[in-house]
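Visitor:
Number of protein chains: 2
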Amino acid sequence: MKAPKVIFFDVNESLLDLGNMKKSIATILEGKEELLPLWFTTMLQYSSVTTLSQQYTNFDEIGAAALQMVAANNNVSLSSEKAKEAMKSFSSLPPHREVVEALNTLRSAGYKMVALSNSSSDGLATQLKNAGLTDLFDEIISVEQVGKFKPDSSVYLWASKKMDAQPEDCMMIAAHGWDVAGAMWAGWQAAFIARPGQQLYTLAPKPQINEPNLLLIAEKLVGLK
Amino acid sequence: MKAPKVIFFDVNESLLDLGNMKKSIATILEGKEELLPLWFTTMLQYSSVTTLSQQYTNFDEIGAAALQMVAANNNVSLSSEKAKEAMKSFSSLPPHREVVEALNTLRSAGYKMVALSNSSSDGLATQLKNAGLTDLFDEIISVEQVGKFKPDSSVYLWASKKMDAQPEDCMMIAAHGWDVAGAMWAGWQAAFIARPGQQLYTLAPKPQINEPNLLLIAEKLVGLK
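Chains as they are written, first to last, in my numbering: chain A, 627 to 851; chain B, 627 to 851.
What follows is the structure, given as structure tokens:
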């Protein structure tokens, strides 16, 4: 394992804490908190469906449509307007508690740092601003620029080219098994943030780093410099 | 709306009843039946992840890996062997009760009929044989032949070429919003079987036919001949 030249960070759930958002979604789903992982997985499934079908709609709209599908399957009445309204809490999520220190640690060690998210361009800018993280990145990239969602291989290849780096010099850091898998299958290194409720995908290659929080990952990466 | 030249049928949940399988999966998940839709959605998500990443693993293996992920996130201990064992019930599902009559009705009307499934080639052949449906199709096609999962656009285009038909002369019949969406985005017509627990994807074009069971769909199609 060698030090990557560019580190890419997933944002939702990886850097930002979806806890509050989940509470507001649970309220909309009439308190059925057990439906939250189903909603989030349905949103991810349909973002992949969109890319496989050569289409693009932004992540918030897909999230709202997924919320309506899950609601309808569970006899919860939910208008399109109310579903869209619920997605607004995506824009004001706090960072997980170790994130600011971890990002500063990596930055001080001289790493080039990029946010790479499935959120829309505007949405991502707002999210990072509200979380106070904007200045910690060299570059902030939404998949909206390429019109495909992660984990499409071409997103990672496009992002590495954009940063003028070879795939093997890039590392994806994410709390999602599918993001780690997609990045590694595209030839990148990867680190998995094993947050509660998140699992690696066992049919994909194992990431170079696997730790329960970002600070522990940052310490390993600083050790490579 | 004009009569399609070739009708393609999705198999799992669309023709075959997953009820019994869900019971055996629920037993493995320690009776947590509310996790079943999450497992199925995770399996679908990771089949899309696999195709987006230019990889191929068969559907049973993806289903077993998804089952382990869902189990781990819910503090259920599940070995890889036990997960794979659970997937075996996929091969002996009964047809939904109106399916045999509906398929015979369409066949008698002179429609060319094709099964098009994300199941593996061997798995699909076994499923249709055990359900007594094999002889009702002109062709049985697994996505394994093309190494990509539905709803990748190229699967529909490849299947229509294989049947020597233009995309607009093909119709997908499925109980899944993502399959209907993918087919329509690939230029096919589509019919949605609105089975309990299934929803159309609201951000995709509306299918030409939307009925709660296959017999009602068959009657509409016979009317076009």
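Idealized CB from N, CA, C, for every residue including glycine.
As the structure is a prediction and not an experimental result, all values here were calculated from the model.
How is L750(B) classed by DSSP in three states: helix, strand or coil?
Guide: helix
Visitor: Could you list which residues in chain B have their beta carbon closer than 7 Å to that of Q681(A), in chain order?
Guide: Proximity of chain B to Q681(A) at the Cβ level (cut-off 7 Å) is accounted for by W811, in chain order.
Visitor: Would P663(A) count as contacting chain B if we go by Cβ distances under 9 Å?
Guide: yes
Visitor: Three or more C-beta pairs under 8 Å: does that hold for the segment 693–705 of chain A against the segment 794–807 of chain A?
Guide: no
Visitor: Any beta carbon of chain C sitting closer than 9 Å to that of T828(B)?
Guide: Within the model displayed, chain C is absent; protein chains A and B are what it includes.
Visitor: Considering only the alpha carbon of each residue, which of L644(B), Q824(B), L655(B) lies closest to A757(B)?
Guide: Ranking the options by Cα distance to A757(B), first place goes to L644(B).
Visitor: What first and last residue would you give for the beta strand (DSSP E) that runs through S673(A)?
Guide: Here S673(A) belongs to no beta strand (DSSP E); instead the alpha helix (DSSP H) covers 662–678.
Visitor: List the DSSP bridge partners of K738(A).
Guide: V632(A)
Visitor: Which residues mark the beginning and the end of the beta strand (DSSP E) in which S768(B) is found?
Guide: For S768(B), the enclosing beta strand (DSSP E) begins and ends at 765–768.
Visitor: Compare the C-beta of E770(B) with all C-beta atoms of chain A and state if any pair is closer than 9 Å.
Guide: no
Visitor: What is the residue span of the alpha helix (DSSP H) that A691(A) lies within?
Guide: 685–699
Visitor: Is the CB-CB distance between V769(B) and S743(B) below 9 Å?
Guide: yes
Visitor: State the CB to CB distance for the pair V632(B) and S745(B), rounded to an integer number of angstroms; the pair is presumed to be in contact (CB under 8 Å).
Guide: Rounded, the Cβ-Cβ distance is 20 Å, inconsistent with contact.
Visitor: Would you grab the beta carbon distance between L841(B) and A728(B) for me? Rounded to a whole angstrom, and I think it's under 8 Å.
Guide: Indeed, because the Cβ distance is near 4 Å, the residues count as touching under 8 Å.
Visitor: I want to see whether chain A comes within less than 9 Å of Q744(B), judged by CB atoms only; does it?
Guide: For the sequence presented, residue 744(B) should be read as Asn rather than Gln. So no, N744(B) is outside the interface.
Visitor: Report the residue from D778(B), P822(B), M713(B), E794(B) whose alpha carbon sits nearest the alpha carbon of T676(A).
Guide: Taking only the C-alpha atoms, the option nearest T676(A) is D778(B).
Visitor: What residues of chain B sit near G808(A), judged by a beta carbon separation below 8 Å?
Guide: V675, L678, S679
Visitor: Which residues in chain A have a C-beta closer than 8 Å to the C-beta of P630(B)? List them in chain order.
Guide: Residues of chain A passing the Cβ test: none, with the nearest at roughly 20 Å.
Visitor: So, helix, strand or coil for P793(B), using DSSP?
Guide: DSSP, reduced to helix, strand and coil, places P793(B) within a helical segment of the structure shown.
Visitor: Anything in chain A within Cβ reach of I651(B), meaning under 9 Å, just list it in chain order.
Guide: What I651(B) touches in chain A, judged by beta-carbon distance under 9 Å, is nothing: the nearest beta carbon there is about 15 Å away.
Visitor: Does DSSP classify E659(B) as helix, strand or coil?
Guide: Annotated three-state conformation of E659(B) is helix, per DSSP.
Visitor: In terms of alpha-carbon separation, which member of Y827(A), R821(A), A817(A) lies closest to I843(A)?
Guide: A817(A)
Visitor: Whole angstroms are fine: how far does the CA of A741(B) sit from the CA of P721(B)?
Guide: 13 Å
Visitor: Against chain B, with Cβ distances strictly below 9 Å, would N839(A) count as a contact?
Guide: Answer no: the Cβ-Cβ gap between N839(A) and chain B never drops below 9 Å.
Visitor: Indicate the three-state DSSP secondary structure (helix, strand or coil) for A728(A) in the structure shown.
Guide: The answer is helix: DSSP assigns A728(A) an H, G or I state.
Visitor: Can you check DSSP and say which residues form a bridge with P721(A)?
Guide: L642(A)
Visitor: Three-state secondary structure (DSSP) at N839(A)?
Guide: N839(A) falls in the coil class under three-state DSSP.
Visitor: Along the beta strand (DSSP E) that carries A816(A), what are the first and last residues, could you check?
Guide: 815–819
Visitor: The alpha helix (DSSP H) with D805(B) in it runs from where to where?
Guide: D805(B) -> alpha helix (DSSP H) spans 803–811.
Visitor: Where do the ends of the alpha helix (DSSP H) carrying M713(A) lie?
Guide: 706–713
Visitor: Considering only C-alpha positions, which residue in the set E660(A), V726(A), N701(A) is nearest to L865(A)?
Guide: No information on residue 865(A) is available, as it lies outside the stretch 627 to 851 that chain A covers here.
Visitor: Contact criterion: CB-CB distance below 9 Å. Does D778(B) meet it with respect to chain A?
Guide: yes
Visitor: Given that I688(B) touches chain A, what residues does it touch there, using C-beta distances under 8 Å?
Guide: Near I688(B) (Cβ distances below 8 Å), the residues of chain A are L829.
Visitor: Among A629(A), I767(A), F634(A), P630(A), which residue has its Cα nearest to the Cα of M739(A)?
Guide: F634(A)
Visitor: Nearest by alpha-carbon distance to A691(B): which of L762(A), L678(A), Q825(A) is it?
Guide: Q825(A)
Visitor: According to the neighbour-count rule (16 or more other Cβ atoms, all chains shown, within 10 Å of its Cβ), is T667(B) buried or exposed?
Guide: buried
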